[in-house]
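For the sequence shown, the numbering used here gives the first residue as 74, with consecutive numbering after it.
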Amino acid sequence: METSKSARSGLALITGASSGIGRELALLAARHGYDLVVTGRSGALRDVAEECRRCGSDVWAVEADLAQSEGVENVWKTVMATNRPLDVAILNAGRSIGGSFLDTDLNDELDLIGLNVTSVVHLAKHVSRHMANQRQGKILITSSLSATLPTPYETVYGPSRAFVYMFAQSLRQELREHNVTVTALLPGATDTEFHHRAGMDNTAFGKGAAKNSRVEVARQGFAAMISGRDHVVGGNLKTKLVAIKHRFLPEPYKAVRHAEKARPRS
Ligand SMILES: NC(=O)c1ccc[n+]([C@@H]2O[C@H](COP(=O)([O-])OP(=O)(O)OC[C@H]3O[C@@H](n4cnc5c(N)ncnc54)[C@H](OP(=O)(O)O)[C@@H]3O)[C@@H](O)[C@H]2O)c1
74 METSKSARSG LALITGASSG IGRELALLAA RHGYDLVVTG RSGALRDVAE ECRRCGSDVW
134 AVEADLAQSE GVENVWKTVM ATNRPLDVAI LNAGRSIGGS FLDTDLNDEL DLIGLNVTSV
194 VHLAKHVSRH MANQRQGKIL ITSSLSATLP TPYETVYGPS RAFVYMFAQS LRQELREHNV
254 TVTALLPGAT DTEFHHRAGM DNTAFGKGAA KNSRVEVARQ GFAAMISGRD HVVGGNLKTK
314 LVAIKHRFLP EPYKAVRHAE KARPRS
């Protein structure tokens, strides 16, 4: 679907657009007529940018490590250099680290917090002030179903997603009076490179064949953001029912269940 230049919807920023859910979100935004600033680190970002241009979008692609403060600043400088109001910000880049907390590398975990937590707050600061100033905007923050339970063997990841979930809900309330909406996307296990990159191939999660479709998860997140919902659980009916059950189950019980799926198999 190509939108004519005169009917463009505005400018959208999408982090973590080089693969997985973020790639699908970028393509959706392009098909909905947005011009884009897309970020990632790998060469795949250029291919995604090209696909989006084929939908008629103007695209600025920024290669930046968002675990580093300079990377976040470079992304924001690119947004500002477009000289356009930012209408949509999708803060999606993130990763996990699997394995026993006794064995995992501390610097790697601090880097994960830099990406999953600090970069979201950092970028949201710029985005919120900009959107509040123009009295309009939509923000989508990718959290996770992991925000709703303890996540042993991904012990730093789940809490990092719980942080951004409550951050999104808090920011939403503050920005309401400025006509800016904030939506959280909580995907269940989804068919991306995520578990492989987290070193979790040798776990029930990594081997799980029945993952949610990244196309469907992105579609649900994008639709929820456009309609201004506070959050959406991304995935199939089973995933949505799990999210409801998690409201009532005790944390120690959920921890045992998660450990069964995330613990490396010998
Ligand atoms: N897949 C799942 O099961 C699942 C479930 C719940 C929530 N999520 C969330 O969904 C989001 C997207 O993950 P995904 O499943 O689509 O995984 P993915 O395919 O691995 O994509 C992750 C994206 O984040 C980018 N990224 C990773 N580290 C980065 C860094 N240091 N600086 C800048 N960008 C970085 C990657 O860019 P490069 O590849 O270019 O480095 C890539 O574009 C994450 O926030 C994750 O927490 C995923």
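By construction, the Cβ of each residue, glycine as well, lies at the ideal position given by its N, Cα and C atoms.
Given the structure is predicted, the values throughout are model-derived calculations rather than measurements.
> On the three-state DSSP scale, how would you describe GLY129?
Replying inline: coil
>> Among SER115, TYR238 and ALA197, whose alpha-carbon lies nearest the alpha-carbon of LEU222?
In response: TYR238
>> Looking only at its chain, what residues have a beta carbon closer than 7 Å to the beta carbon of PHE278, apart from the 5 residues adjacent to it on each side?
In response: Only residues of its own chain outside the window of five on either side were considered, and among them ALA262, HIS268, LYS334 and ALA335 have a CB closer than 7 Å to the CB of PHE278, listed in chain order.
> What three-state label does DSSP hand LEU259 in the structure shown?
Replying inline: strand
> Considering only residues of the same chain and omitting the five flanking positions on each side of THR228, which have a CB-CB separation below 7 Å?
Replying inline: PHE174
>> Once the 5 residues before and after LEU244 are set aside, which same chain residues still bring their CB inside 6 Å of it?
In response: VAL255
> Among residues of its own chain, excluding the 5 on either side of GLN207, which ones have a beta-carbon nearer than 6 Å to its beta-carbon?
Replying inline: PRO158
>> Just to check my reading of the structure: ASP264 and SER300 have Cβ atoms closer than 8 Å, yes? What is that Cβ distance to the nearest angstrom?
In response: About 25 Å separates the two Cβ atoms, so there is no contact after all.
> When you compare only the Cα positions, how much space is there between PRO232 and PHE240?
Replying inline: If you take the alpha carbons of PRO232 and PHE240, they lie about 12 Å apart.
>> Any heavy atom of ligand 1 inside 6 Å of the beta-carbon of ASP138?
In response: yes
>> List, from N- to C-terminal side, the alpha helix (DSSP H) runs of 4 residues or more that fit wholly inside the region 129-168.
In response: 142-154
> Which whole-angstrom value describes the C-beta separation of LEU259 and SER192, a residue pair presumed to lie in contact below a C-beta threshold of 8 Å?
Replying inline: So it is not a contact: roughly 19 Å between Cβ atoms.
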